[in-house]
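Right, one structure below, let's go through it.
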């Protein structure tokens with residue numbers, strides 16, 4: 003049983019990252035879905051759709067939810083997903099290095115993935131040493 | 002432990018797509034593998050680790066592999082480098 007990955011972000015972000023990751027890796031080793039929240043989106047009204055996206059990637063081993071900005075509406079919506087019953091861990095400040103690193107360790111259980119995601123995101127920052 | 006010197010010969014260097022192919026080529030093998038370039042040694046099975054080497058076209062790298070299936074792993078990786086990651090035609 004593999005963990006699923008759900009990206010919950012502002013418009014244009016999650017889908018772009020999934021597209022690039024798919025282009026780089028060709029075969030994604032885990033189920034990945036992107037759920038985007040438009041500026042005019044009502045979190046209450048979006049919850050059923052977000053929940054459906056969560057179910058799409060859930061194989062029984064839980065879902066790692068990656069959000070773009072902690073405290074913003076997509077992240078708050080993700081917080082509600084975490085309380086629905088499916089095991090969920092949330093990590094914010096999603097970036098491409100974070101997503102790639104998580105997909106590099108598809109065999110890990112859910113509770114080990116937040117550290118992997120965090121390390122990926124942080125170590126992805128390289129300040130130009132030129 | 003097997004050590005093999007390889008050259009990054011493809012035009013774009015060890016960019017993301019090439020690195021993904023390298024990591025995917027090594028994934029089925031149980032051995033430990035590292036890649037060294039420009040004085041830095043990283044886990045060759047880690048996509049972010051290898052990307053941080055930023056090994057461009059013409060960079061010599063050293064592959065070090067340790068484990069029971071090391072020989073097969075080294076051959077697979079060497080072949081991939083030889084084929085220039087199936088990129089340049």
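Residue numbers (our numbering), protein chains in the order written: chain A, 3 to 132; chain B, 2 to 90. Don't be surprised by glycine CBs; every beta carbon is placed ideally from N, CA and C.
For residue 49 of chain B, is the classification buried or exposed, using 16 other Cβ atoms within 10 angstroms of its Cβ as the cut-off for buried?
Residue environment: residue 49 of chain B is assigned as buried (16 or more neighbouring CB atoms within 10 Å of its CB, all protein chains considered).
Which residue from B:25, B:75 and B:12 puts its Cα closest to that of residue 4 of chain B?
Closest option to residue 4 of chain B, judged by alpha-carbon separation, among B:25, B:75 and B:12: B:75.
For residue 67 of chain A and residue 45 of chain A, the rounded distance between their alpha carbons
The alpha-carbon separation between residue 45 of chain A and residue 67 of chain A amounts to approximately 16 Å.
Ranges of the alpha helix (DSSP H) found wholly within the region 50-88 of chain A, counting only runs of at least 4
Runs of the alpha helix (DSSP H) inside the region 50-88 of chain A: 75-83.
Hey, could you find the ends of the alpha helix (DSSP H) residue 116 of chain A is sitting in?
Per DSSP, the continuous alpha helix (DSSP H) segment holding residue 116 of chain A begins and ends at 115-125.
So, does the CB of residue 78 of chain A fall closer than 9 Å to a CB anywhere in chain B?
Interface annotation, residue 78 of chain A: not in contact with chain B, CB-CB separation never under 9 Å.
Inter-residue spacing [alpha-carbon to alpha-carbon] between residue 70 of chain B and residue 18 of chain B:
One C-alpha to the other measures close to 25 Å.
In whole angstroms, give me the CA-to-CA distance for residue 106 of chain A and residue 47 of chain B.
Near 7 Å, if we compare the C-alpha coordinates of residue 47 of chain B and residue 106 of chain A.
Alpha-carbon spacing of residue 27 of chain B relative to residue 41 of chain A, whole angstroms:
C-alpha separation (whole angstroms): 43 Å.
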